[in-house]
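Right, one structure below, let's go through it.
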Amino acid sequence: VTVGDLNDNSPVFKQQIYNFNVPAEQTGELCRYVIFFLYCFCRIFAVDADEGINAQLFYNVTSGDNRFTIDETGMIRVSEALKTDEIAPLTIQATDMGQPYNTASARVILTAVGRKSPGKGKPEERVCFKLQDGNRKPRLLNAQHWSRLPISDADNVGETIGLIEAEDPDGDQLWWTIISGNLNNTFAIRCDAGELLLARPLEYVDINVTEFHLEFNVSDGIDQESGKIIVEVSRSPQRRPKFSAHHYKTQISEKTPIGSVIYTMRATVDESGLTRRTANKMIIYSIHSVENLAAADKFRIDPSSGNVVVMESLGKEVAREFSIIVSARNGQMSNYATLSISLVDENDNAPKFLQSEYSVKLLASSPIGSVAVVTQAFDPDAGENGAIVYAIAAGMFVTFLKPLFYISRSGLE
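Residue numbering for the sequence shown is 1 to 413, as defined by full-length UniProt numbering.
Following this line, the structure appears as structure tokens:
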């Protein structure tokens, strides 16, 4: 008796909304890397829990800019480049090949980012930068975290396999691409973040394949650096921890005491179908990387509980927001999520005048409305707590039932 699969599952996108930064248009002598990205931006993919042909998917753009197309692998391409700061929203539909077919849709929002103009720090549209002495090439960081990465049959399409770390000394946006070793398009790399993803199930990979040797490029639009990743394939189902979201946000007071728990990161391991030997409930948390270097000393995470703890005073911080990438590890398998921490200002500073006393001489013939003096005070608090309103508190002379002097709310007297 042969039991056939019913096409009773619809495709599912890992996210409902995808946001990507993509390289903006440049003219003149374009480097090979930028030419690639002008036409090949980013990749998304859906999964289908059915089997065989019922699980095979194709994609199409159902609404948005007609310059864009998407191929059978989920790679989004564009026929001409975007201008700096241009935003292109698209709706992508995934359709399975069953009868009757099922569909799912997701939104993709592409934002074009230009290179920084030398010396100005702002993106400049339609500028081609040739190789020049002022540009410094990107640097790869912490290769021990990503040069060897494990995957197993339990990993799902869309799973984050690893995060490749790099920095650009000039502060330019970095762009990533896999250039070799990607057998059967099994992996994808997020073009604007260095996030390595599983793009196709391992069941499509020959059983004799035990390693992938991927080579990638990271570029700032002028110079590029290359690196290699060995992805080790395990055919035993080792489950990767999963967070409930990719991005978490929290607000805390700048007066939060040292030692306070400000957030708890939680990941879980789905152990259904695993034997006791392969199951592992021990998840270890750590801070993988930080966007603001100050956050490395300000916060720590408890390895076993996932509690994020304040380690230093926050009251004198210039930065008002910190971004931390947290890693959850189960055995050799890791996953990642971002925690954004916003500091809420406390109104704990009194305004201060730049001068404690002002001495002014006025002519008796000064007309009404003449400016006598401009006072100025400052308040180091942020937002509304730092806004200052002026008023005359004492010493106002009154003539004919009217005040002789007046001070505006902005300090003009």
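Think of the CB as a built atom: it goes at the ideal place given N, C-alpha and C, for glycine as much as any other residue.
- The beta-bridge partner set that DSSP reports for Lys242 consists of Thr268.
- In the DSSP assignment, the residues bridged to Asp96 are Leu57.
- Comparing alpha-carbon positions, the option among Ile76, Asp348 and Ala24 lying closest to Thr84 turns out to be Ala24.
- Beta-carbon to beta-carbon, Lys298 and Met311 are separated by about 6 Å, close enough to satisfy the 8 Å threshold.
- For Phe405, DSSP assigns no beta-bridge partner whatsoever.
- Taking the C-beta atoms as reference points, Ile92 is found no nearer than 8 Å to Ile17.
- Taking a cut-off of 8 Å on C-beta distances, the stretch 61-69 does not touch the stretch 8-15, as fewer than three cross pairs fall below it.
- Counting every other CB atom within 10 Å of its CB across the protein chains shown gives Asn156 a total below 16, marking it as exposed.
- By DSSP's assignment, Trp176 forms a beta bridge with Val218.
- Where Lys228 is concerned, the enclosing beta strand (DSSP E) starts and stops at Gln224 to Ser234.
- Judged by beta-carbon spacing, Thr250 lies beyond the 8 Å limit of Ile258, meaning their Cβ atoms are not closer than that value.
- Beta-bridge analysis with DSSP links Lys352 to Phe378.
- Annotation: the stretch 129-158 contains the following complete segments of the beta strand (DSSP E) (minimum length 3 residues), in chain order: 139-141 and 148-152.
- The alpha-carbon separation between Leu197 and Ser260 amounts to approximately 35 Å.
- Contact annotation: Asp153 and Leu214 have beta-carbon atoms that are not nearer than 8 Å.
- Bounds of the beta strand (DSSP E) holding Lys249 are His247 to Ser253.
- An exposed status is given to Ile230, since fewer than 16 other beta-carbon atoms sit within 10 Å of its beta-carbon.
- Your pair Asn330 and Arg266 does not check out as a contact, with CB atoms roughly 13 Å apart and the cut at 8 Å.
- A Cβ-Cβ separation of about 23 Å leaves Lys361 out of contact with Ala377 under the 8 Å criterion.
- Between the C-alpha atoms of Asn21 and Gly383 there is a straight-line separation of about 29 Å.
- Taking C-beta separations shorter than 8 Å and ignoring five residues to either side along the sequence, the partners of Arg300 in its chain run Ile287, Val308, Val309 and Met311, following chain order.
- Only residues of its own chain outside the window of five on either side were considered, and among them Asn349 and Gly386 have a CB closer than 8 Å to the CB of Pro380, listed in chain order.
- Distance between Arg77 and Asp71, taken at the CA atoms: about 8 Å.
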